[in-house]
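Taking UniProt numbering, the leading residue of the sequence shown gets 1, the next gets one more, and so forth. Just so it is clear, CB atoms sit at the ideal spot from N, CA and C, and this is done for glycine as well. Here the structure is a predicted model, which is why all the values come from computation and not from measurement.
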Amino acid sequence: MGVDGVSVEYLSAGANRQTSVADWSRTGLLAYGADVNIALWCPAVHPPRGVERILSGHKETVKAVVFLPEVAEDDCSYIVSGSDDKTLIFWKSTANHHNFEAVHTICEHTAPVNCVTAFRVPGEKAKWIVATGAADATVKIWSFHNDQLELLQSIKTSPKFFPLTLSLSIIDSDVLILAAAGTRETVQILTADLNASSINFLVQATLAGHEGWVRSLNFTNETEEAGSDLLLASASQDKYIRIWRIHQGKELPALAASGSDPLSCAFLPGKSPSNKAHRLQTAGKDFSVTFEALLLGHEDWIYSAKWKSHTDGKLQLLSTSADNSLSIWEADPASGIWVSMARLGEISREKGATTATGSTGGFWTGLWSPTGDSVACLGRTGSWRRWEYDSSADAWKPCVAITGHTKAVTGITWAKSGDYLLSTSSDQTSRLHTRWAAPDAGTWHEMSRPQIHGYDLNCIDSLGDSQFVSGADEKLMRVFSEPKAVATLLKKLAGFGGENVEDMPDAANMPVLGLSNKAIDTVEDDQEVLPVDDRDREAMDPASVVKKSYLEIDHPPFEETLSRHTLWPEAEKLYGHGYEISCLAASHDGKLIASACKASSTNHAVIRLFETEKWTEIRPPLVAHSLTATRLRFSGDDNYLLSVGRDRQWAVFARNTNEAAKYQLLQSNPKGHSRMILDAAWAPTESPLFATAGRDKQVRIWASQKTEAGKLQFTQTAAMPCAGSVTSVDFLPSVVKGKLVLAVGTEAGRVSICSVNEDGSAITELPSESELSLPKAVLQLAWRPVSHNGKPDYTLAVAGEDSSLRLFSFNESYL
């Protein structure tokens, strides 16, 4: 429970697709860059939980995250992060290893920071050497000791390249060795004398052989014995991994000295892996670098290669590739040839697998757990996948990992029952989140991905407990119905729904060249799937065929299941608008949908109404605005429809009692705010009352009273100035202790809770909580329907421009 009754219920954020974006610490904490944030996750906890905390400090996309190497007696943990905003941030946490605070923010680089590596100086307490590489074609070397940071050296790459990967290690206890590579086909080896008065790295060797950019470098000692050789793995876009040996002494290692080729050249016609020995000299000592092995097997760019720490004496290498696989390599004890011991991921080469279903784009980074018995990798969709080694079965078993949006979360809506939350985003997906009701779980997870689209999604609303409507950067809205496979899954995992499943379609998938999810039947596990005919526009992607066993699971679905087998079939398309859909709202009884599109004239700024029985438009459309309408809201009893827009006005339409589905303009206020109005919300009161929020940094309360003619009239009864533009507001759907509760979100990312008198006469802000702040704008707020399960539930969903979705729970004492 947070301070004074605010607790974080659920945090969801997808990872940035970068090779250096994540690290897994010795204490079992995995940190990764998520938009401008760093998300912290404990993969091994049971039951599986989502993101533990989100650290905000950077202004642009985080590209590199690394933990400073720890030892058992450390009482602090450190993270170093680099971002597109050209800064490095050093984060420190004490006793509680999740409470990181920024201790240094440095802007020495003049371009985005791409990679960071760190090495702990042996024998010294809490001293590290850190190397950072950026798109300004420099590598900078830092010393970090007792929380003090010092820039030791700035190295311009020559010949010029942009560093994409760095790795630091030590040989013979006092020679630092740095490998650097990036937008060239070579790897540079630099060394420095650790005992010299000033650390000064010099380029000692340039390793040739790769034929594409080098994406990942990683050092390890061959054995744990003193004086062991150092091995360097380099992974490249040329689809190969090369292993290099760094050996001390003038004598070359046996294999290189005999001139034997580690892989006989049978694999590469006309090319022998270069076996030239590179000689280095530092601090009066001699070393050699020789080519050791070429690892073949991936079919596309290789993004990362990581050595396992010496937990069981086995030397293993983990690689991830754009071919959607992750390989674990080991040297054959007899021949010394490196072979792939395990291949995880999607190895199927099914023709026609589309990017929409997450089947191309590959795995961007792979990490070993501190104990070496688990691996995690990051896929194209920004979601994590994780496997654990089961020694009894000698197999790698998939485990529940975490998912999240990778771009701004543009819309959220609760199911009418409050059972689940739907979110939609500029990453072109809609997702369903709910609580896993397993006896020992009670944690929130993404359980279905109903819509994967070709356009950025802007808005979403629930039409009932098994249907929703969404609007995107296209001129139509799409209505989706829950399939049987998902309903059964939710009943099993979350304990709700599952009624009327007989009438539901089995499942859905998407044609290879289409945007519409089609209803399909699930197939038996042994049924043959026919290959795709490229000329058939309606052809189904065989990778997305849903077999019955896919969703018969007792845990939240893994990413491959989510992205392929939990789509909802499309029930309807609603046409009528001339431009991209800007906002929509469904009436509380689910019988009407109101929508608006981007507009610069009165003709296009109309509000269109659709009835949901026959899915026809009710004409004529409602006219009030001259520019884009930014928000539409039905009142709790559906008697009124409120619209606000960029033309600074609000309008209230009243339902015509004679014809249930018709609305007429009741009142409009062309000067509702002095700048554009961005959001509005109805209060749960007997006499209608609503709040509006705008770019003029104001939240205004409008209460109604009847005129002499018996007509309802709204007037402003209170206003609250805010520190910045107000982008979102939402009323808690019930009165608490005689007061209305209003959540307010700003462009600066602040969420505040306000108390409003029932008659709208006064509005006061409650004490603020640090948890309730985002680094970018709050795009939407949505309180959960209160009567959920019969007991009051004060849960607020927050959609952030920083691609995060957050759920906060409030105690009644706080409100």
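- prompt: Is S587 near F634, with beta carbons less than 8 Å apart?
  reply: Residue mapping note: residue 587 aligns to position 587 of the sequence shown, counting from 1. Residue mapping note: residue 634 aligns to position 634 of the sequence shown, counting from 1. Taking 8 Å as the cut-off, the Cβ atoms of S587 and F634 count as close.
- prompt: In chain order, what residues of the same chain have a beta carbon less than 7 Å from the beta carbon of G2, not counting five sequence neighbours either side?
  reply: Counting from 1 along the sequence shown, the entry for residue 2 is found at position 2. Per-residue confidence for G2 stands at a pLDDT of 43, beneath the threshold of 50, marking its modelled position as unreliable; the derived number appears in the next sentence. Correct list, in chain order: V8, E769, E771.
- prompt: Using the rule of at least 16 other Cβ atoms within 10 Å of the residue's Cβ for burial, across every protein chain shown, is T354 buried or exposed?
  reply: Numbered from 1 along the sequence shown, position 354 holds the residue referred to as residue 354. Here the model assigns T354 a pLDDT of 41, short of 50, so the residue's position is not dependable and the matter cannot be decided.
field: Strand pairing of Y10, partner residues [DSSP]
entry: By 1-based counting over the sequence shown, the position of residue 10 is 10. DSSP output for Y10 lists L807 as bridge partner(s).
- prompt: If you draw a straight line from the alpha carbon of S809 to that of R784, how long is it in whole angstroms?
  reply: Translated into positions along the sequence shown, residue 809 becomes position 809. Translated into positions along the sequence shown, residue 784 becomes position 784. Taking the straight line from one Cα to the other gives about 10 Å.
- prompt: Quick one, are the C-beta atoms of H433 and S423 less than 8 Å apart?
  reply: Taking the first residue of the sequence shown as 1, we reach residue 433 at position 433. Taking the first residue of the sequence shown as 1, we reach residue 423 at position 423. Closer than 8 Å, so yes.
For A21, the nearest candidate out of S304, W142, W213 (CA to CA): Position 21 of the sequence shown, counted from the first residue, corresponds to residue 21. Looking at the sequence itself, residue 21 is Val, so the reference to Ala does not match. Of the residues S304, W142, W213, the one whose Cα lies closest to the Cα of V21 is S304.
task: Just the C-alpha distance for K285 and S448, rounded to the nearest angstrom, thanks.
output: Walking along the sequence shown from the start, residue 285 turns up at place 285. Walking along the sequence shown from the start, residue 448 turns up at place 448. In a straight line, the C-alpha of K285 is about 59 Å away from that of S448.
task: Go through the segment 89 to 159 residue by residue and report every complete run of the alpha helix (DSSP H) that reaches 4 residues or more, in order.
output: Not a single unbroken stretch of the alpha helix (DSSP H) spanning 4 or more residues falls wholly within the segment 89 to 159.
task: Please state whether DSSP places G5 in a helix, a strand or coil.
output: Sequence index remark: in the sequence shown, residue 5 carries index 5 (1-based). Reduced to three states, the DSSP call for G5 is helix.
task: Can you grab the Cα-Cα spacing for the pair E70 / L166, in whole Å?
output: The residue given as residue 70 occupies position 70 in the sequence shown. The residue given as residue 166 occupies position 166 in the sequence shown. If I take the Cα positions, the gap works out to 19 Å.
field: D390, buried or exposed, once every other Cβ within 10 Å from all chains shown has been counted against 16
entry: Within the sequence shown, residue 390 is the residue found at index 390, counting from 1. Exposed, since its Cβ has fewer than 16 Cβ neighbours within 10 Å.
field: Contact test: A599 Cβ vs the ligand SAM heavy atom, cutoff 7 Å
entry: No copy of the ligand SAM appears in this structure; indeed no ligand is present at all.
message: Just to confirm my understanding: we take L190, look at its own chain, exclude 5 residues before and 5 after, and list those with CB closer than 7 Å. What are they?
response: Along the sequence shown, one-based indexing puts residue 190 at 190. Around L190, the same chain offers L178, A180, F201, L202, V203, Q204 as residues with beta carbons nearer than 7 Å, after the five sequence neighbours per side are excluded.
message: Closer than 8 Å is the cut-off here; do at least three beta carbon pairs connect the segment 72 to 91 with the segment 150 to 158?
response: Touching, no.
task: Identify the continuous alpha helix (DSSP H) that holds V652 and give its terminal residues.
output: As a position in the sequence shown, residue 652 is number 652, starting the count at 1. Where V652 is concerned, there is no enclosing alpha helix (DSSP H), although the beta strand (DSSP E) it sits in stretches over 650 to 655.
query: Using CA coordinates, which residue listed in K573, L294, E124, G133 is at the minimum distance from S470?
result: The residue you call residue 470 lines up with position 470 of the sequence shown. Among K573, L294, E124, G133, the Cα nearest to that of S470 belongs to K573.
message: By the three-class DSSP mapping on this structure, what secondary structure does T430 have?
response: Counting from one through the sequence shown, the residue named residue 430 turns up at place 430. Checking the sequence, you will find Ser at residue 430 rather than Thr. Three-state result, S430: strand.
query: A257 to I337, Cα distance in whole Å?
result: On the sequence shown, position 257 is the one that residue 257 refers to. On the sequence shown, position 337 is the one that residue 337 refers to. Note that A257 has pLDDT 47, beneath the 50 cutoff, so the model's placement of it is unreliable and no number is given.
message: Quick check on DSSP: helix, strand or coil for T561?
response: Counting from one through the sequence shown, the residue named residue 561 turns up at place 561. If DSSP states are grouped into helix, strand and coil, T561 belongs with the helices.
task: Identify which residue in R431, W702, I328, Y640 has its Cα closest to the Cα of G14.
output: Along the sequence shown, read from residue 1 onward, the residue named residue 14 stands at position 14. Comparing Cα-Cα distances from G14 to each of R431, W702, I328, Y640, the minimum goes to R431.
message: Could you tell me the alpha carbon to alpha carbon distance between L781 and Q316, rounded to whole angstroms?
response: Counting from one through the sequence shown, the residue named residue 781 turns up at place 781. Counting from one through the sequence shown, the residue named residue 316 turns up at place 316. For L781 and Q316, the distance between alpha carbons rounds to 47 Å.
query: Taking one C-beta from the segment 694 to 703 and one from the segment 712 to 728 each time, how about it: are there three or more such pairs within less than 8 Å?
result: Yes: at least three Cβ pairs fall under 8 Å.
message: If the criterion is Cβ atoms closer than 8 Å, does the pair E559 and T443 meet it?
response: Within the sequence shown, numbered from 1, the residue matching residue 559 stands at position 559. Within the sequence shown, numbered from 1, the residue matching residue 443 stands at position 443. A distance of 8 Å or more separates the beta carbons of E559 and T443.
Proximity below 8 Å, CB of A629 to CB of S582: Within the sequence shown, numbered from 1, the residue matching residue 629 stands at position 629. Within the sequence shown, numbered from 1, the residue matching residue 582 stands at position 582. Taking 8 Å as the Cβ cut-off, A629 and S582 qualify as a contacting pair.
field: For S234 and W244, believed in contact at Cβ under 8 Å, the rounded distance
entry: Taking the sequence shown and counting its residues from 1, one reaches residue 244 at position 244. Taking the sequence shown and counting its residues from 1, one reaches residue 234 at position 234. About 7 Å separates the beta carbon of W244 from that of S234, a gap short enough to meet the 8 Å contact definition.
task: Please report the residue range of the alpha helix (DSSP H) in which A342 lies.
output: Numbered from its first residue, the sequence shown carries residue 342 at position 342. Per DSSP, A342 belongs to no alpha helix (DSSP H); it is in the beta strand (DSSP E), 338 to 345.
message: Here's the rule: buried if 16 or more other CB atoms are within 10 angstroms of the residue's CB, otherwise exposed. What is L796?
response: Position 796 of the sequence shown, counting from 1, holds the residue named residue 796. Buried is the call here.
task: Go ahead and pull the three-state DSSP assignment for K397.
output: Here residue 397 refers to the residue found at position 397 of the sequence shown. Looking at K397 - three-state DSSP - the assignment turns out to be strand.
- request: Going by CA-CA distance only, name the one from A39, W24, R806 that's closest to A382.
  value: As a working mapping, residue 382 is identified with position 382 in the sequence shown. Ala is not the amino acid found at residue 382; the sequence shown has Gly there. Answer by Cα proximity: A39.
field: Inter-residue Cα distance where the pair is D759 and R648
entry: Locating residue 759 in the sequence shown gives position 759, counting from the first residue. Locating residue 648 in the sequence shown gives position 648, counting from the first residue. Each residue's Cα considered, the two are about 24 Å apart.
- request: Determine the contact status of A134 and V113, defining contact as a CB-CB distance below 8 Å.
  value: The residue labelled residue 134 in the question sits at position 134 within the sequence shown. The residue labelled residue 113 in the question sits at position 113 within the sequence shown. Yes, Cβ-Cβ distance for A134 and V113 is below 8 Å.
- request: Determine the contact status of D84 and K63, defining contact as a CB-CB distance below 8 Å.
  value: Position 84 of the sequence shown, counted from the first residue, corresponds to residue 84. Position 63 of the sequence shown, counted from the first residue, corresponds to residue 63. Yes. Within cutoff.
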